[in-house]
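Peer 1: Residue numbers (the working numbering): 3 to 549. Before we start, here is the structure in question, set down as structure tokens.
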């Protein structure tokens, strides 16, 4: 099991989906039980990864690697290669947890086409896990695209009144970015052959050759920037960064509750993961280019402020939470392009925090919607009088989302702002209002929905949380307090991969790096200084000579 733990985690949900095919569609309760057991099994099989990874947390490189390059489709150089580092480890654990929570939350919410719903949800789970595990670009792209179809169907079949519009918009936006990324990957694939004489989609091989494009006389900095932009569009649409965010509110509002939880909690992290895993190490000289970096920071700050201001104006609770995601993910991209250990660590931790907090917020909205079938804020008031347990959990998760100390959101936002301040205090100053605005729109929402007296007679007989609903919130509340009170283990898990990325982008002379850190592409990049074009040219000549 130790040697194949990633494959076991990856294919457990898919095995459950195949099992459900043979269950009669009339047996709705049996389908629900099987889906929930499989989702829980998916979480439980990932638990052994925690102590195993913890024992290796300070070791460099990818861990639990399976497969070999070019062993899947040898004719094109595609391989079944899986492996994780601290960043992908945390995202995998988030995915298995939220996958179980989402499926558990669907028990009473889905009444039609139940069998197909759970099958597609489990297929989606496998696609998301594959994105975080794949170390072969062909395999990565298969999972990246495969995850699109289940999400499209979850929104398009089980969504709200404008579900088809939202589903098509989501699909077309993401597909547009994916096609551009595919073109860039194909170029890197052939460029790697030009340098090494080997056709391969191995991400580790591309780490070594992709940075050379910037200094290659045949292509140069302009071409490297275009390649970076192709990747950027794919990932920025997925995040989504301003101004590529317009698909998100529609998708969230129309998606079923569990679809919104998994969309906010996991799918959006694929964009930020792409930046960290590919954009930074593939194009270190591009991301350090003052104009490119300046634009990335500018778009992140605009997203933070814009998302928060638009949240303040919403009348629909779900739309408010959706726009808050644009603001919170702006902090994540700000931390990434701060390009220092504090900013990057804070960004990845905030991605986990956002999955926990915003996933819980969509569950909170979904519970009221199941009881009243409306998400209009004006329809509610005084809910804490009739649903006190629900009101308490909502307050905890609201405080978590707005970044109150002792809860998870504070740790991530503080670390991001610390890292940003180290680079440029003006960037941090522009981002800080986003924290204040988050408190404003969340507390204002809480005041209107929960405080005062029950003015609408339809709300007088609402029943409080059921044991099943409480169970969906329990792990999210526990993790929120855990990260808020004792984040040290999470930073230790992130320390090695984050330092490796900063070393790759900024060189060994950057202060604050741990001793002994190796660049992920140091084998072919003899110059620690990214600007040393002469040394890089020597590497180009040597690689052509060895070919």
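Built from N, CA and C at the ideal position, the CB exists for glycine as well. Computed from a predicted model, the values in this text were never measured in an experiment.
#1: Using only the alpha-carbon positions, how far apart do residue 119 and residue 32 sit?
#2: Using only alpha-carbon positions, find the residue among 124, 257, 231, 96 that is nearest to residue 166.
#3: Residues in its own chain within less than 6 angstroms of residue 146 by CB, not counting five upstream and five downstream?
#4: Note down, in chain order, each residue of its chain lying with its Cβ closer than 7 angstroms to the Cβ of residue 512, except the 5 sequence neighbours on either side.
#5: Taking the Cβ atom as the reference point for each residue, do residue 242 and residue 231 lie within a distance shorter than 8 angstroms?
#6: When the Cα of residue 445 is compared with those of 78, 399, 508, 16, which residue comes out closest?
#7: What is the DSSP secondary structure of residue 80, reduced to helix, strand or coil?
#8: Assuming residue 66 is part of the beta strand (DSSP E), what are its boundary residues?
#9: Please look up how many angstroms separate the CB atoms of residue 245 and residue 500, rounded, as I've assumed it's under 8 angstroms.
#10: Is residue 454 helix, strand or coil when you go by DSSP?
#11: Just how far apart, CA to CA, sit residue 80 and residue 195?
#12: Grouping DSSP H, G and I as helix and E and B as strand, with all else coil, what is residue 220?
#13: For residue 308, I'd like the list of residues in its chain whose CB is within less than 6 angstroms of its CB, leaving aside the five on either flank, ordered along the chain.
#14: Find the nearest neighbour of residue 75 within the set 88, 25, 204, judged by alpha-carbon distance.
#15: So, under 8 angstroms CB-CB, residue 84 and residue 9 are touching, yes? Tell me the CB distance rounded to an integer number of Å.
#16: To the nearest angstrom, how far is the alpha carbon of residue 363 from that of residue 216?
#17: Leaving out five residues before and five after residue 66 in sequence, what residues of the same chain have Cβ atoms less than 7 angstroms from its Cβ?
#18: How would you call residue 468, buried or exposed, if buried means at least 16 neighbouring beta carbons within 10 angstroms?
#19: Start and end of the alpha helix (DSSP H) containing residue 316?
#20: For residue 372, which residues in the same chain have their Cβ closer than 7 angstroms to its Cβ, ignoring the five residues on either side in sequence?
#21: What residue range is occupied by the uninterrupted alpha helix (DSSP H) comprising residue 358?
#22: Considering Cα atoms alone, identify which of 351, 427, 418 is closest to residue 410.
#23: Relative to the alpha-carbon of residue 441, which residue among 455, 322, 89 has its alpha-carbon at the smallest distance?
#24: Run the CB neighbour count on residue 222, radius 10 Å, all protein chains shown included, and call it buried at 16 or more, exposed below.
#25: Quick one: is residue 5 buried, meaning 16 or more other Cβ sit within 10 Å of its Cβ, or exposed?
#26: What did DSSP end up calling residue 287 once you bin it into helix, strand or coil?
#27: Short of 7 angstroms in beta carbon distance, which residues of its chain neighbour residue 30, apart from the five on each side in sequence? Order them along the chain.
#28: Under 8 angstroms, do residue 462 and residue 369 count as touching if we go by C-beta distance?
Peer 2: Taking the definition as stated:
#1: 14 angstroms
#2: 257
#3: 133
#4: 504
#5: no
#6: 399
#7: strand
#8: 65-68
#9: Wrong, their Cβ atoms sit about 28 angstroms apart, outside the cutoff.
#10: coil
#11: 13 angstroms
#12: coil
#13: 244
#14: 204
#15: 7 angstroms
#16: 43 angstroms
#17: 7, 8, 85, 86
#18: exposed
#19: Where residue 316 is concerned, there is no enclosing alpha helix (DSSP H), given that its DSSP letter is neither H nor E.
#20: 110, 111
#21: 343-374
#22: 351
#23: 322
#24: exposed
#25: exposed
#26: helix
#27: 116
#28: no
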